[in-house]
Every structure is written in C-alpha cells, then in structure tokens.
C-alpha cells in the first residue's frame, strides 16, 4: 500500500510539472494537427497509383503514425526534467525522500509514460473521428500497446538523461534518437517502400531490419491494422513493443538508481 | 553583425542538430517519399525545398537571442556602444540573416551536390534572393520577439508559425497539388515568402519542370517586398522598444 502511495506522490509531482507547460502543449498539438490537416491532405493528392492501392488514403495512413509521433515527443519530455534535476542536483533531495530507490525510479518512468498517454489522447481521438472506430477489444489492445510504448519511450529518455552530463549532450542524443526512430519507421510511409529500397540496394539492410523491429513502426501498424485493415495484424506488432518497453523500463530504472546515487 | 555571427556558433548543439535533421531528411524522408508520390523528380524537388526550410528556421533564431540579452542585461550594454540606434538595429537584422546563411551554406552545398546547378547566372540571382529572404525572416523574428515580450509565448508562436508557414508553402510539394487539396491552402501558398524562396532556389538550380511561376521576377519581387516590410517594421519597433528600458 505504501509503495502505491509513494508512486502516486511521484506521479502527482510530475503531472504538476507537465501542466506548467500547458501553452507549450497546445502549441505542440497545433503543430501535429497542421501536419495532419495540411501536409497529409496535400500528400494525399500526390500518391502514386501503386501506393493508393496499398494504403487508399495518405490522410488515413498518416493519422495513426501522427498519434504515435505525438506520444513519443511527450513521453520523451520527462528526460529533459530528469537531466535538469541531475544538473541542478535536485536528485539529492529526491534520494532523501522516505521511499525506496525502486519506487522513485519506477514512479518517474511511469509518470513519463502516463504524461505521454495524456498528451496523445486528443490525437488518438482525432484519428478515431476521421479514420474510424475500433471494436472495444481492439480499443483496449491499442491503449495497452500505446501505454507500453509510452513506458519504453519514457525509460529510454530517462536512461539518456541520466547518462549525459550536460543539456547539450542530452539534446544532441535526443535528436539522434528522434530522427532515427521517426524516419526509419513506417510512421510517415508504408514499410513496403523501405523494404523495396533495401532490395534495390539503396537502403542498408540493417536499417530495413531496424525499421521492421522499430516499436514506432509496430505501434502505428497495429492501429492501422485495426482501423484500416492494412497491414494485416500480426502478434509481432505487440511483442516488439512489449520487448522494447520491458528492456527500456528496466534499463532506465536501473540506470536512474545507479547514476543518481553516484552523482 | 560580427558579434551576432560569433554568438550563433556558440549554439553548437543547435547547429549539429539541424545538420543531422537536414541529412536524415534527405537520406530517409526524401528518398522514401520520392517513391511514394507520383511526382517526377520529386527527390530533387524536395531537397531544394528542404534547403529553404532550413534557412527559414536558422534565420528565426535571432529572436531567441533578443530574449537572452534582455534577461542578462546585455541590452543596456549594447545601448552604451558608440553606434547609433538605427545602426544597432540594422546590424542585428543583417547579422541574423547573414549567420543563418553562413550556417545553411554547407547544407546547401550538400543539396546542390544532390540536385546540381543548370545555369550559374540563374543560381546567383536565386542566391541573392535567398539572402534577402534570410534578412526578411530575421527581421520578422525580431519584430515578433519585440512585440511579444515573452520568450515562452514567442517559442510557442514560432513553432506554430513554422508548422503553418512551411506546410502552407511549396517547400514540400508543388503548388498545383496544394491548390487541388484545398483552394484556401493554395491561395495562402501563393503569397507565402517560403514559396517564393523555394521556387527561386529550384529555378536557380534548374529544377524548372515543377515551378509554379512562369516569370522568376514575380517571386523575386515578393521576396523584396517581404524583406522591405519586415526590415522596416522590425527596425522601427526594435528602435522604439529598446529605449529607456521599454523592452521590459
């Protein structure tokens, strides 16, 4: 019971911090919606016939990808705060709180994930409103997968934040992770195109493989498979996200405890 | 100007990040999206637009410096220098544009390596128009920074403006498709300075098949007007705001 209460305290603190950036969040949502309602609509007109056969409409294809992108950006925000706490030595105060190291570390990863879920929800609702509604079971699976994805992202962000000493290094590392995970995935374009470029030798095969196991690809494709029917559902989509989540949640909790104790 | 250019290179992370963004956009998004769309030579078209998008974001950055200076009391020091107010303000706007250009130059070389140059004279005219565009964006950033007076609000507004101004232009897609998608989008894109800059850059590099303006003088005129307006408004506003602690 006490464990739960301690974790709730951490969540409360992190959510308060999150809402301090409410205008920033409004701005971010507007930018995401501009991507959907301007960029995706124009690209819709430019698709080549083969792709039209495959995905029907770019707007519908991109809406689930955008939801995942939004989730990624907001769940990653926790890393910036953790990095700042480390630089300003707030972690020493956190270590002095009457709770175990595990509660503290798990609470931080969990709050990062839940904040991501909260930010992503208007984007997911927009996706449902324009693309279509899933069944209740599918809806539950989508929420679970997105939650695990958010936890993994939050963990990844915290692991990077505690391993980098300055904000500059954190921002650079964040950029590298962002670009690699976003562009080398099926968030913006169908995976078949990445595979095709790989077969033609224009794209390194390890990047094709990376795009296949990329949790952003799998989470976007899972939503698409339920709402659009393509690509077809495969349990690998869920397994990939779960593995990513377990690895990075564990790694982040371990790194957070070790590195803030050492700092 | 010298000070502003030097200051810019202190933001090493920002410079590195934008460079990574630029290269990954070409290597991933450009390459894959060119297979996704039925637009001939889309890869070269996109690389041309990407250079202008990068120039725009780099030129915007001067606004953030103004907040930093206000916060650290550098304004007062600048006002004590033996230069007139006009010279100070003009120097800031030109410095902002110039440093954006210096930063984008190596990236533009990468872009030109990918897309090539068909006519050197056309390219020089395009380059001149990009200079004016960078100064104009820099003036716009100064104008907004001075008018808003809150770095947080400025940050949000710049993000939203960036998303809208770039997407409602021909930086990523030809004007005919923008018009087809939504006539209002097409109308806005038709009067967007990012459209003018992107079209002129492509014209200079020789990617003329997808250009929406028959006469390159029209986008050039548009850029001159954009530059003139924001340089003038930026100078007047900045000049009035910095005197006697008016910034706060």
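Residue numbers (this note's numbering), protein chains in the order written: chain A, -10 to 252; chain B, -2 to 245.
Yeah, the Cβ is synthetic: ideal placement off N, Cα and C, and Gly gets one too.
Under a Cβ-count criterion, where at least 16 other Cβ atoms within 10 Å of its own Cβ denotes burial, should residue i be classed as buried or exposed?
i                      : result
residue 135 of chain A : buried
residue 18 of chain B  : buried
residue 250 of chain B : Because chain B is modelled from -2 through 245, residue 250 of chain B falls outside the range shown and cannot be assessed.
residue 121 of chain A : exposed
residue 80 of chain A  : buried
residue 253 of chain A : The shown model of chain A, from -10 to 252, leaves out residue 253 of chain A, and the question about it has no answer.
residue 200 of chain B : buried
residue 35 of chain A  : buried
residue 25 of chain B  : buried
residue 58 of chain A  : buried
residue 24 of chain A  : buried
residue 115 of chain B : exposed
residue 237 of chain A : buried
residue 86 of chain A  : exposed
Where residue i and residue j are concerned, what is the direct C-alpha to C-alpha distance, given to the nearest angstrom?
i                      : j                      : result
residue 3 of chain A   : residue 167 of chain A : 22 Å
residue 81 of chain B  : residue 62 of chain A  : 45 Å
residue 55 of chain A  : residue 112 of chain B : 30 Å
residue 191 of chain B : residue 89 of chain A  : 54 Å
residue 93 of chain A  : residue 249 of chain A : 11 Å
residue 92 of chain B  : residue 234 of chain B : 17 Å
residue 119 of chain A : residue 148 of chain B : 35 Å
residue 153 of chain B : residue 188 of chain A : 42 Å
residue 205 of chain A : residue 55 of chain B  : 29 Å
residue 77 of chain A  : residue 203 of chain B : 52 Å
residue 201 of chain A : residue 89 of chain B  : 48 Å
residue 149 of chain A : residue 67 of chain A  : 11 Å
Is the beta carbon of residue i less than 9 Å from the beta carbon of residue j?
i                      : j                      : result
residue 50 of chain A  : residue 213 of chain A : yes
residue 115 of chain A : residue 22 of chain A  : yes
residue 177 of chain A : residue 29 of chain B  : yes
residue 244 of chain A : residue 152 of chain A : yes
residue 58 of chain B  : residue 97 of chain B  : yes
residue 14 of chain B  : residue 101 of chain A : no
residue 138 of chain A : residue 173 of chain A : no
Check the Cβ of residue i against every Cβ in chain A and list those closer than 7 Å, keeping chain order.
i                      : result
residue 25 of chain B  : 172, 173
residue 157 of chain B : 16, 19, 20
residue 10 of chain B  : 157, 160, 161
What I want to know is whether the C-beta of residue i ends up closer than 8 Å to one or more non-hydrogen atoms of the ligand HEM.
i                      : result
residue 134 of chain B : By its list of ligands, the structure shown contains no ligand whatsoever, and the ligand HEM lies outside what it can speak to.
Going along chain A in order, which residues have a C-beta closer than 8 Å to the C-beta of residue i?
i                      : result
residue 169 of chain B : 28, 31
Chain A partners of residue i, CB-CB under 9 Å?
i                      : result
residue 182 of chain B : 27, 30, 31
residue 66 of chain B  : Within 9 Å Cβ-Cβ: nothing; residue 66 of chain B doesn't reach chain A, min ~20 Å.
residue 149 of chain B : 10, 12, 13
Following the continuous alpha helix (DSSP H) through residue i, name the residue where it begins and the one where it ends.
i                      : result
residue 110 of chain A : 90 to 120
residue 106 of chain B : 82 to 112
residue 51 of chain B  : 39 to 57
residue 165 of chain A : 156 to 172
residue 148 of chain A : 125 to 152
residue 27 of chain B  : Element bounds for residue 27 of chain B: n/a, residue is neither H nor E.
Closer than 8 Å by beta-carbon distance: list the chain B residues that pair up with residue i, in chain order.
i                      : result
residue 185 of chain A : 32
Interface residues of chain B around residue i at Cβ under 9 Å?
i                      : result
residue 38 of chain A  : 35
residue 145 of chain A : Neighbours of residue 145 of chain A on chain B: none; closest Cβ ~18 Å, over 9 Å.
residue 191 of chain A : 28
Identify the contact partners of residue i in chain B, using a Cβ-Cβ distance below 7 Å as the criterion.
i                     : result
residue 34 of chain A : 174, 177, 178
Would a check of beta-carbon distances place residue i closer than 9 Å to chain E?
i                     : result
residue 39 of chain B : Among the protein chains in the structure shown, which are A and B, there is no chain E.
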